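Quick notes on the structure that follows.
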Amino acid sequence: MGIKGLTALINNFAPTAIKQAEMKTLFGRKVAIDASMSIYQFLIAVRQQDGQQLMNEAGETTSHLMGLFYRTIRMVENDLKPCYVFDGKPPALKSNVLKKRFAGRQEAQEAESEAKETGAFLPFPVRRTETDERKGAGTVEDVDKLSRRQVKVTKEHNEECRRLLTLMGVPWVEAPSEAEAQCAELCRGGLVRLSHFSPFTFFPLRSLTAIVTFSLPRALQVYGAGSEDMDTLTFNSPIVLRHLTFSEARKMPIDVISLEDVLKGLELTMDQFIDMCMLCGCDYLEPIKGVGSKTALKLVKEHGSMEDILAHLRKGKNQPPEDWPYEEARELFKKPNVKPASEIDLQWKAPDVDGLVDFLVREKGFSYALFPSLSLRLEDRVRKGADKLKARLSAKQQGRLDGFFTVKPKDPKAAPAKRKAEDKSGKGSKKAKTDAKGKGKK
């Protein structure tokens, strides 16, 4: 679920904190991706033309594997180094949210059954009666929406995706608890080993940015956390990347969100930001009636701390719940259960090509899912995809100069003394050169 209304709040009060980028501009970056969120997206989005999930001949869902395989290849082709982080055991405080999600899936399943019974799969519009409206009868689109609401990432989905990533040579981490929190930890201090790289070997310019490879025992932090959940910011991730694993066909740019700029724009400390996010509504606490994101920001600015805010609210109409364990929730955001980044060594390896073919084509029956006709064999596509992984993941890491240097805005006052003198005398300017040429011609 994330934080209710946080994206809109940032757009309104800290718009410069969100910058849009194409994937190719993130080359050379290492990114920690929320695996469960990505798998959920694949199960919803990667579907057949009739809206049904991809399945093999045995009736097993393969949408998650198809999405993970090709979206990861796309990132690697753009010189990103992805690692995936899987959820561990959820905190006890999250149990209420999980119960609601389960109830929502059951409700959607019942509504889908009713919609099917009232002719939703007819290939033409169905005139609804008043009774149909009450029952939730609908069109094919309605049934499709209800079907997607029932999607759940299972233990089997996670196991299959971990196996696929291992065969692809892409590292993955199983978090002790929340994947978003582990991604944030990797971004704050996650370092990787680059012992096989040559020191300071320069390459030609690419996209107007100089590229350099180098050797350090442990260097290059994970750049950002790839997740759609905005609570990744609340877990103190310096950079959050949204839409990173979206389909290229959707043509949605990647949102690069800077926590530092968010705090500056909202004029909050990190502690105040956490309190504001809890007031907005998060996975750990029931929302307070009458308190939305704008009100939450206003309350934090006026009262400073959650304790003072609750004391203020208890004097008015919108009473917070009696059992509202904000202190426990705050602790989960500030000190989440994660593996220290210093204990995690991310390594990208060459893919197991034959293993990928055996798993995807022979065991999971990918060829049946996409191409029932034998004229098109997915085995060739899997091998080509594996070749792309092998070429990129086996190559030397290309670092970015902006990893070493911060480019500051141009400041005329900081110009060298010689340049200042030239500017004053007019030497070196385009106008001066033109005049000189003109005099020469006369």
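Going from the sequence shown to this note's numbering is simple: count from 1 and add 4. Cβ atoms here follow ideal geometry from the backbone N, Cα and C, with glycine treated the same way. Just so we're clear, the structure is a prediction, and the values are computed from it rather than from any experiment.
Note down, in chain order, each residue of its chain lying with its Cβ closer than 8 angstroms to the Cβ of residue i, except the 5 sequence neighbours on either side.
i: Ser181; result: Asp91, Gly92, Lys93, Pro94, Pro95, Pro340, Asn341, Val342
i: Thr238; result: Ile7, Phe277, Ile278, Cys281, Cys286, Phe337
i: Phe363; result: Arg167, Leu168, Leu171
i: Asn15; result: Ile22
i: Asn82; result: Met27, Lys28, Leu30, Phe31
i: Phe17; result: Gly269, Leu270, Leu301
i: Gly359; result: Leu171
i: Lys321; result: Gly294
Just mark residue i as buried or exposed, buried being the case when its beta carbon has 16 or more other beta carbons within 10 Å.
i: Thr236; result: buried
i: Arg33; result: buried
i: Gly389; result: buried
i: Ala25; result: exposed
i: Thr249; result: buried
i: Ser40; result: buried
i: Met256; result: exposed
i: Pro208; result: With a pLDDT of 37 at Pro208, under the threshold of 50, the modelled position of that residue is not reliable, and the figure given next carries that caveat. So Pro208 counts as exposed.
i: Thr65; result: buried
i: Thr20; result: exposed
i: Lys85; result: buried
i: Glu164; result: buried
i: Glu184; result: buried
What three-state label does DSSP hand residue i in the structure shown?
i: Ala333; result: helix
i: Phe17; result: helix
i: Gln24; result: strand
i: Lys159; result: helix
i: Lys2; result: What the structure shows of the chain is the stretch from 5 to 446, and residue 2 is not part of that stretch, so it cannot be assessed.
i: Ile348; result: coil
i: Val342; result: coil
i: Ala354; result: coil
i: Lys321; result: coil
i: Thr11; result: helix
i: Thr2; result: Given that the chain is displayed from residue 5 to residue 446, the structure contains no residue 2 and the question cannot be resolved.
i: Phe31; result: coil
i: Asp391; result: helix
i: Lys85; result: strand
i: Asp38; result: strand
i: Glu134; result: Unreliable placement is indicated for Glu134, whose pLDDT of 48 sits below 50; the coordinate value is still reported in the next sentence. Three-state result, Glu134: helix.
Near residue i, which residues of its chain fall below 6 angstroms by C-beta distance, leaving aside the five closest residues on each side in sequence?
i: Pro291; result: Gly285
i: Ser297; result: Gly9, Leu13, Cys284
i: Leu190; result: Ala36, Val226, Ala345
i: Gly193; result: Ala345
i: Ile77; result: Gly389, Lys392
i: Leu303; result: Ile313
i: Val155; result: Leu47, Ile48
i: Leu317; result: Pro324
i: Leu263; result: Leu237, Pro242
Nearest CA to the CA of residue i: which residue from the options?
i: Thr273; options: Ser231, Val260, Leu301, Glu184; result: Leu301
i: Ile43; options: Gly230, Glu311, Gln323; result: Gly230
i: Arg166; options: Ala185, Ser241, Arg78, Phe73; result: Phe73
i: Leu382; options: Lys392, Lys394, Gly369; result: Gly369
i: Lys288; options: Pro324, Lys305, Trp328, Phe250; result: Looking at the sequence shown, residue 288 is not Lys but Tyr. Checking every option, the nearest Cα to that of Tyr288 belongs to Trp328.
i: Gly308; options: Lys293, Arg334, Asp275, Glu331; result: Asp275
i: Asp265; options: Asp362, Val244, Thr249; result: Val244
i: Glu326; options: Arg334, Ala315, Glu335; result: Ala315
i: Asp233; options: Phe17, Val177, Glu160, Gln45; result: Gln45
i: Thr158; options: Leu47, Asn82, Ser251, Ala253; result: Leu47
i: Gly173; options: Ala354, Ser67, Ala333; result: Ala354
i: Leu270; options: Met27, Ile313, Glu306, His247; result: Glu306
i: Ala179; options: Gly294, Ile348, Arg396; result: Ile348
i: Lys293; options: Asp312, Lys156, Arg318, Gln323; result: Gln323
i: Ala333; options: Lys98, Lys85, Asn82, Gly320; result: Lys98
i: Asp38; options: Glu160, Val177, Met27; result: Val177
i: Ala253; options: Gly359, Arg75, Ala18; result: Arg75
i: Gln186; options: Leu267, Ile258, Ala18, Tyr88; result: Tyr88
i: Asp259; options: Lys321, Ser251, Tyr330, His247; result: His247
i: Ser251; options: Phe17, Glu335, Met79; result: Met79
i: Asp356; options: Thr299, Leu267, Leu397; result: Leu397
Between residue i and the rest of its own chain, which residues show a CB-CB distance below 7 angstroms, the 5 nearest in sequence each way excluded?
i: Ala188; result: Ala229, Thr236, Phe239, Asn240, Ser241
i: Val365; result: Ser371, Leu382, Glu383, Val386
i: Tyr330; result: Met282, Leu289, Met310
Check the Cβ-Cβ distances between residue i and every residue of chain D, and say whether any is below 8 angstroms.
i: Lys339; result: The displayed structure is made up of one protein chain only, and chain D is not part of it.
Sequence ranges, beta strand (DSSP E) only - wholly within the stretch 225-295, length at least 3
228-230, 243-246, 258-262
Can you list the beta strand (DSSP E) stretches of 3 or more residues lying completely in the stretch 161-188, in chain order?
176-178
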